[in-house]
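Asks: Take a look at the following structure, please.
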Amino acid sequence: MTTSPLAARPRPAAAAPAPLPSAPRRRRAGFLREQISGWGMIAPAAVLLLLFVFLPAILGFGLAFTNARLISPRPVEFVGTDNFARLFADPTFWRALLNVTYFAVVVVPVQSALALAMALLINKKFRGVNFFRTVYFLPVVTSMVVVSLLWLFMYRKDGLINELLSTFSFGLIQGADWLNDPATAMPAIIALSIWQAAGFHMIIWLAGLQSISGELYEAAQLDGASRWHQFRYVTWPGLKHTRSLVLVTITIQALGLFDQVSVMTQGGPLDSTTTIIYEAVRSGFKQQETSYASAISLVFFVLVLLISAVQRYLTREKD
Amino acid sequence: MNKRFTRILATSITAAALIGSLGACGKGSASATTEGSNEITMWTHNAGNPEELAAIQGVVDSYNSSTGAKAKIKVQAFPQDSYNDSVVSAAAAGKLPCIVDIDGPNVPNWAWAKYLTPLKLSTDLSAQLPSTVATWEGETYAVGYYDVALAMLARASDLEAAGIRVATVEQPWTKDEFQDALTKLKALGKWDYPLDMGTAGSGEWLPYAYSPFLQSFGADLINRDGFQTADGVLNGDKAVAWAEWFRGLADQGFMATKSGKDSTQDFLNNKSGLLYTGSWAADKARAALGDDLVVMPTVDLGNGPKIGGASWQWGVTEGCANTDAAMDYLSYSLQPENLAAVAKATGTIPATDAAAALVPAFAEGGANRIFMDFSRNYAVMRPETPAYPFIATEYGKAVQDVLAGADPQSALDKAVKAIDANIKSNGGYKN
Amino acid sequence: MKNSVRLNSAAAMLVRILFAAVAAFPIVFMLVSSLKPDTQIFGDMSSVAAFLPVGNISFDNYAAVFDRVPAARFLVNSIGISAVTVVLGIFINSLCAFALSRMEVRGKRVVFTVILATLIVPFQTLALPLVWWVNQLPYFELNGFSLEISKGWLDTYQVQIIPFIANAFSIYLYHQYFESIPKELDEAARIDGAGWFKIYRQVVMPLAGPATATVAILTFLPAWNSYLWPLMVVQSEELRPVMIGIQYFFQLNVSWGEVMAYASLITVPVVVLFIAFQRSFINSIASSGVKG
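Residue numbers (the numbering used here), protein chains in the order written: chain F, 408 to 726; chain V, 8 to 438; chain R, 3 to 294.
Set out below in structure tokens:
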């Protein structure tokens, strides 16, 4: 990977004299100051996260071991792992796990690739670049209610998608009743989700592309590198940090699939689109089984943590 | 470049200061803590429905300016779709107002959870439509101004073209007649699916709309004797017969297993010939179709036509500091003029005959009078048990699964198993 | 050679336009439908007419929206809430990421890992315990000259802002971006006697324009779109944000034209903001030290 000299980390021409030899050792005096300023800078965000994510999360996870209910006059009792036993014996939970895996396995690579393609297409100076950037971002900013409504209509048996399919295939393809067939409901949701969220990750890729020095491209062009080689030896290595950011966020987003399912299919038909978070919300809010929902959340958290850890291990910086 | 950052920081401080000053006067006035001793808050579900809200506000204003008013009532409106979530969160935080709006079937659950206190009204409730009074364990916990009714809408011209008899309260369609009607409508070839049952609906619509069919078959959501089990009732032969019949409507191509997002619009756009919906759609349909619209009772599937009873009702919360005034207001608000004003604004069925006489559409011979007959003759309350919210979700899922092609017996067995487990884990929902 | 370049760029433009068409159609649909009566929206739905302003076109739906919803008030609330969340979020999260990325703070790896773990907790599962928790927090109110302390944050602006300022995703994004800015710049500034905050303020942040623009946009969106949370914690109508307004339209009889009109009204500010931030995005690239 580092065979090309171009792959070296971007090194700006601005400022930066040669690093001082053995500078860190001489800075012992600044050590304490660095610790204090550092922690001072970390503190505001850390305290807020502690207050508004950690505490409620721990509180919620604690409920998983009780029989707490959203609405109930009965006292809350500790019930050990009852909720987990019930969860692991529930076929719907395993189905949800399978659905989410299916969703993630398709969405993660396809959506990151499409988002990168979009970012590359508009990471240039040309007339109308602002227009294209804005348009690509439109699905992300449109209200989910409106988006779901529109796609509900498009996915109908007599809807626009089937009309288009039929027109362009000269009547050869007879479209499915997309959201209403256990075989096609999840693919339909996948298509909608990628369409809706690709613009979001395009923005992240774009920020990454902007951090690659233009000089590297100039140097590559002087060397007569082809477009592909520029991408392969300048762009791709330059996106190292962005890559793991995009990968982790798309994965987490995919595993947390909820909104589209809630609006469009309510987990059906026949559990073919239900997800772990959908089951948690259904149990917690609609069925008032707070403790069972907490157990689902806890299992979800542990699963995603494991997956993220594996991903971080696989994409770790090897140098 | 520095300038940019300084600018951001300056904007940030200005914005923070701005929101701070907004915040100083921005603590909401709806929370219980800010209530003066002589002001009580009332939550309603009709934000975004200016007519109904104005009617409710009118009732409140008339109480507030009456000489005997024991407190000043303050209205806080929430959007209906999410009203329940707002109330449950407030309850979890212990911040419920004095008077709340409740969807009828949820009353026993809230009463059991001690959100509600039994009503002690000076008004005689015997004149009310029975479905507008919610009782649990012998106590009355909520009372409503109106009810709604399910019905079948069609175009007279279509029925005539297909040679189908118009169903009436005296003589509703039987199961066989319904089958025959659908076959004839389908034969007209005007629509992909002649019947629209609103199968795309979700949430409370599913038990509200489809459990009456179940009951007309002679089955039910739960064994109402003690409300301890659904076994043998929701998964018995009659229930399975219902599920097979319902699924059969889709299999024979009479209805879509998932209808459009807005069934009424589809009906008005002539995408269906027979619409199963609530009385709320009637005025809109009549405005579009005029005299061609016929309103018919739902189908008799063996045990007479059934429709779901109970709509939005009012209750007083357990934590209310001025229960006396809350009860006084509710008693006052049940006067016929008030009920009539609300019914007029919402197109719903007034809760008493005296009120109905004041609303032309519901008075004798009025265009909507027929809904009152439906309500009087067919209304079945959804099971009056604290387990109802749970039963509703399980039944709703069973309906969706059956429509999607699940085996009826096993879908219903699954629901029964979940319901019975839930009842058991709640100690039978006994106090 | 020249021809092939021209061909290439023509092909690229074609692809761009194709992508744009796919991306834009819901907005077109939304805007177009907001001008139509309901019956026509449904009638046009299965054909291309859904995307064309044809038939019975008027602004009636927009007029009706303002009768139904206090839209202006909701817009002001949402703009205020989102703006403050974004601005404070940029400051606090970049500061945290700066220390984690560029300073030798003891234990920072652990802190960073723990912060990243918060990314995993989906908000839906957090909501209920959080409602209970914010209702336990003290509320300070300046009443004349006396400071009053009461309990419970429910039904305030701050409950819609403060829990969402610190954001692991923003910290992560800044962190990744800061990693690509050469550390030698800090060294140079330190030689000149700059303190850490000064380096953050004058060296690193000015180079992080694209990251800031990205964080701004990505923080703004959830703040603007927040729905479940205000539903649970805001009771007074005068404090509600725009998304709650959408719910106002879902009555027994839904007026879809009004839904589309309202959705258009609340989408336009976001698009305007995106265009504005985009410009600073591009400016910051042009002027950034990275490019030299």
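Every residue, glycine too, gets a C-beta built ideally from N, C-alpha and C.
Please determine whether the Cβ atom of R203/R lies at a distance below 8 Å from any heavy atom of the ligand COA.
Replies: In the structure shown, the ligand COA is absent, as is every other ligand, since no ligand is present at all.
Asks: Excluding the 5 residues flanking G412/V on each side, which residues of the same chain have their C-beta closer than 6 Å to its C-beta?
Replies: Closer than 6 Å at Cβ, skipping near neighbours: no residue.
Asks: By the 10 Å Cβ neighbour count, where 16 or more other Cβ atoms means buried, how is W117/V classified, buried or exposed?
Replies: Classification for W117/V: buried.
Asks: Using a C-beta cutoff of 9 Å, does I478/F count as contacting chain V?
Replies: Chain V, which has a Cβ nearer than 9 Å to the Cβ of I478/F, makes this yes.
Asks: Under 8 Å: do the region 424 to 432 of chain V and the region 217 to 237 of chain V share three or more Cβ pairs, one atom per stretch?
Replies: Cβ pair count under 8 Å is three or more, so yes.
Asks: Rounded to whole angstroms, what's the CA-CA distance from A99/V to G373/V? Just pull it up for me.
Replies: For A99/V and G373/V, the distance between alpha carbons rounds to 45 Å.
Asks: Going by C-alpha to C-alpha distance, which of V112/R, A278/R, F44/R, N63/R sits closest to L263/R?
Replies: One point to set straight first is that residue 263/R is Ala, not Leu, in the sequence displayed. Answer by Cα proximity: N63/R.
Asks: When we look at the beta-carbon of E696/F and count the other beta-carbons within 10 Å, is it buried (16 or more) or exposed?
Replies: So E696/F ends up on the buried side.
Asks: Could one say the Cβ of E686/F lies closer than 9 Å to chain V's Cβ atoms, at least one of them?
Replies: Chain V contact via Cβ: absent.
Asks: Ignore the nearest five residues each way along the sequence and tell me which others in E260/R's own chain have a CB closer than 7 Å to its CB.
Replies: The residues are N63, A66, V67, R70, F251.
Asks: Using a Cβ-Cβ cutoff of less than 8 Å, which residues in the same chain neighbour L195/V once the five nearest sequence positions on both sides are dropped?
Replies: Around L195/V: D165, A168, A169, P201, G280.
Asks: For my contact list, A358/V and L346/V are in at a C-beta cut-off of 8 Å; report their separation, rounded to the angstrom.
Replies: The pair is a contact, with the Cβ atoms about 5 Å apart (cut-off 8 Å).
Asks: Using a Cβ cut-off of 8 Å, pull out every chain V residue sitting near N474/F, in sequence order please.
Replies: Chain V residues near N474/F: S432.
Asks: For the beta strand (DSSP E) holding I529/F, just list the boundary residues, first then last.
Replies: That residue, I529/F, is in no beta strand (DSSP E); its alpha helix (DSSP H) goes 498 to 529.
Asks: Can a CB atom of chain R be found closer than 9 Å to the CB of E570/F?
Replies: It does; some Cβ of chain R falls within 9 Å.
Asks: Which residues mark the beginning and the end of the alpha helix (DSSP H) in which M593/F is found?
Replies: It spans 592 to 617 - the alpha helix (DSSP H) in which M593/F sits, taken as one unbroken run.
Asks: Output the distance between the C-alpha atoms of Y562/F and E189/R, rounded to the nearest integer angstrom.
Replies: So the alpha carbons of these two residues sit roughly 58 Å apart.
Asks: Quick check: S679/F and N569/F, are their CB atoms within less than 9 Å of each other?
Replies: No, the pair does not count as a contact, with Cβ atoms beyond the cut-off.
Asks: Relative to the alpha-carbon of V66/V, which residue among A386/V, L341/V, K404/V, F378/V has its alpha-carbon at the smallest distance?
Replies: Answer by Cα proximity: L341/V.
Asks: How many Å lie between N266/R and I248/R at the Cα?
Replies: This sequence places Ser at residue 266/R; Asn is not what is there. Rounded to the nearest angstrom, the two C-alpha atoms are 11 Å apart.
Asks: Would you give the residue range spanned by the alpha helix (DSSP H) that P367/V belongs to?
Replies: Premise fails: P367/V is in no alpha helix (DSSP H) and is neither H nor E.
Asks: Which runs of the beta strand (DSSP E) at least 3 residues long sit entirely within the region 151 to 193 of chain R? Give them in chain order.
Replies: Counting whole runs of 3 or more residues, the region 151 to 193 of chain R contains no beta strand (DSSP E) stretch at all.
Asks: Once DSSP output is grouped into helix, strand and coil, what is the label at V306/V?
Replies: V306/V falls in the coil class under three-state DSSP.
Asks: Does the beta carbon of I611/F sit closer than 9 Å to a beta carbon anywhere in chain R?
Replies: It does: the Cβ of I611/F has a partner Cβ on chain R nearer than 9 Å.
Asks: Measure from the alpha carbon of T115/R to the alpha carbon of each residue in I43/R, D157/R, P131/R, S103/R, then state which is nearest.
Replies: Among I43/R, D157/R, P131/R, S103/R, the Cα nearest to that of T115/R is on S103/R.
Asks: Which whole-angstrom value is the C-beta distance of K79/V and E46/V, which I expect to be below 8 Å?
Replies: About 5 Å; that satisfies the 8 Å criterion.
Asks: Would you mind stating whether A361/V and A134/V have Cβ atoms separated by less than 9 Å?
Replies: A contact, by the Cβ cut-off of 9 Å.
Asks: Which residues in the same chain as Q739/F place their Cβ atom closer than 7 Å to its Cβ, once the five residues preceding and following it in sequence are excluded?
Replies: Residue numbering for chain F in the displayed model covers 408 to 726; residue 739/F lies beyond these limits and cannot be assessed.
Asks: By Cβ distance, which residues of its chain are closer than 7 Å to R8/R, with the 5 residues on each side in sequence left out?
Replies: Result list for R8/R: empty, nothing under 7 Å.
Asks: With a 10 Å radius around its C-beta and 16 neighbouring C-beta atoms as the bar for buried, classify Q138/R as buried or exposed.
Replies: Label assigned to Q138/R: exposed.
Asks: Taking the alpha carbon of L254/R as the reference point, which residue from E59/V, G435/V, W50/V has its own alpha carbon closest?
Replies: When only C-alpha atoms are compared, the closest one is E59/V.
Asks: Hey, out of G434/V, D408/V, V423/V, whose CA is closest to L213/V's CA?
Replies: The shortest C-alpha separation from L213/V is found at D408/V.
Asks: So, helix, strand or coil for A328/V, using DSSP?
Replies: Here A328/V sits in coil by DSSP.
Asks: Determine which residues share a DSSP beta bridge with K193/V and list them.
Replies: Answer is none; K193/V lacks a bridge partner.
Asks: What residue range does the beta strand (DSSP E) around D108/V cover?
Replies: Segment 106 to 110, the beta strand (DSSP E) holding D108/V.
Asks: Between V88/R and F222/R, which are expected to be in contact by the criterion C-beta below 8 Å, what is the C-beta distance as a whole number of angstroms?
Replies: 5 Å between Cβ atoms; contact.
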